[in-house]
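Since the structure comes first, as structure tokens, the remarks are kept for the end.
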Amino acid sequence: MTAQLIDGNALSRQLRADVAQRVQALRNRGLTPGLAVILVGDNPASQVYVRNKVKACEDTGMHSVLETWPATLSEAELLARVQAMNNDPTIHGILVQLPLPAHIDAQKVIEAISPAKDVDGFHVASAGALMTGLPGFWPCTPHGCMKMLEHIGYELRGKHAVVIGRSNIVGKPMALMLLQANATVTVCHSGTKDLAAFTRQADVVVAAVGKRNVLTADMVKPGAVVIDVGMNRNEAGKLCGDVDFDGVKDVAGWITPVPGGVGPMTITMLMVNTLDSAERQAGVQAG
Ligand code: NAP
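Encoded structure:
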């Protein structure tokens with residue numbers, strides 16, 4: 001069997017075109033959705049991520065503010081910048097790029113963001129809303145994975161989903177979203193004994209580990225949906241995921257590639273969250 005590809009680039013283009021239309025509709029009413037991105041330090045990967053986020057704002061007609069600060073910025077100064085953005089009526093979403101320098105308590109900074117502007121969905125209020133099924137911002141990466149499943153018309157009710165990884169930004173929220181969609185969910189992690197015994201039973205596998213070849217063809221049920229969140233480099237320095245793509249594609253029914261899978265969806269969902277935030281402020285029913 002050769003799996004069908006879930007193309008994150010194509011789906012992102014489609015979703016961003018919809019975002020751009022909704023942004024225009026809001027602008028026609030005098031409100032431009034705005035995203036503030038704060039980068040502390042000069043981590044090269046973070047610089048690429050924030051550039052891509054600002055560019056996505058430009059492409060969809062949103063306003064963006066990029067603040068870059070040296071790694072020596074104090075925690076108090078960063079908290080003051082977050083507070084300023086909380087109070088800025090032109091800003092509907094605030095994102096502090098992680099990781100932060102070691103002298104800054106990242107959780108404290110996240111908790112300083114107004115939950116109404118927490119478009120990354122990392123605030124405990126957002127996590128609590130997801131946990132209890134209340135409206136709130138969903139973390140962008142797992143939200144993007146759910147959009148991919150929705151896009152292929154996959155009915156999750158009654159299916160067994162296995163999530164590999166339990167981080168607060170991917171694994172745990174992913175499991176909660178799948179549960180909310182009525183899948184039966186198993187969460188695996190570094191302490192899981194015999195990972196393959198779980199993944200072989202799965203109709204859907206989401207790999208969010210950060211290690212190459214965590215999921216190989218012999219671990220996948222024929223026809224399963226395989227979503228690869230991982231971002232790793234192979235020996236040649238080429239970007240690759242957690243899944244042995246070449247092997248698994250011959251067993252799975254659907255598979256996401258790396259690159260061009262979950263990655264572009266993450267920024268797209270950030271645009272969606274920022275727009276939803278602005279629409280909420282304007283009293284428009286979120287689309
Ligand atoms: P993380 O915080 O390091 O979490 C990794 C998880 O994998 C942990 O829960 C860990 O278990 C588990 N794990 C480690 N080794 C394992 C093994 N051998 N078998 C089963 N589980 C294992 O990473 P993260 O932030 O969730 O990110 C995961 C990956 O996704 C990374 O490659 C990251 O770069 C990528 N990512 C991609 C995007 C995107 O937009 N495409 C966004 C976010 C993250 P313990 O909890 O027991 O330690």
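Just so you know, our numbering puts 12 at position 12 of the sequence shown, and the rest follows in order with no gaps. Ideal Cβ placement from N, Cα and C applies to all residues, glycine included. All figures in this text were calculated on a predicted structure; none of them were measured in a lab.
As DSSP reads the structure, Q4 sits in a beta bridge with W254. Membership of H63 in the beta strand (DSSP E) is indicated by the continuous run 63-69.
DSSP, reduced to helix, strand and coil, places G247 within a helical segment of the structure shown. When secondary structure is reduced to three states using DSSP, D228 falls in the strand class. Around the beta carbon of R16, a 10 Å sphere encloses 16 or more other beta carbons of the protein chains shown; the residue is thus reported as buried. Chain order is used for the residues whose beta-carbon lies nearer than 7 Å to a heavy atom of the ligand NAP, namely T141, I164, G165, R166, S167, I169, V170, G171, C188, H189, S190, G191, T192, L195, A208, V209, G210, K211, V214, V229, G230, M231, N232, D242, V262, G263, T266. Secondary-structure assignment with DSSP links C188 through a beta bridge to I164. When the alpha-carbon of G260 is set against those of A236, V284, G230, G253, the nearest one is in G230. CA-CA distance, V65 to A197, rounds to 47 Å. Under the three-state reduction of DSSP, G34 is assigned to strand.
Taking 8 Å as the upper bound for CB-CB distance, A36 and I104 are not in contact here, some 17 Å apart. Contact check for V23 against M85 fails: the beta carbons are separated by 8 Å or more.
Beta-bridge partners of V170 (DSSP): none assigned. The DSSP-derived three-state label of I113 is coil. Every alpha helix (DSSP H) stretch that sits fully inside the segment 66-153 and reaches 4 residues is listed by chain position as 75-86, 106-112, 124-132, 140-151.
Excluding five sequence positions before and after S12, the CB atoms of its chain that fall closer than 8 Å to its own CB belong to P264, M265, I267, T268, given in chain order.
With respect to A3, G253 sits close: the two C-beta atoms are nearer than 8 Å.
Between the segment 115-135 and the segment 270-277 there are three or more inter-stretch CB-CB distances shorter than 8 Å, so the stretches are counted as touching. Taking C-beta atoms under 8 Å as the contact rule, P139 and P173 qualify, at a distance of about 5 Å. In this chain, the alpha helix (DSSP H) harbouring A196 covers 195-199.
Here V209 is not near V226, since their CB atoms are 8 Å or more apart.
The Cβ-Cβ distance between A224 and L31 does not fall below 8 Å.
DSSP links A56 through a beta bridge to no other residue. In the three-state scheme derived from DSSP, where H, G and I count as helix and E and B as strand, V220 is classed as coil.
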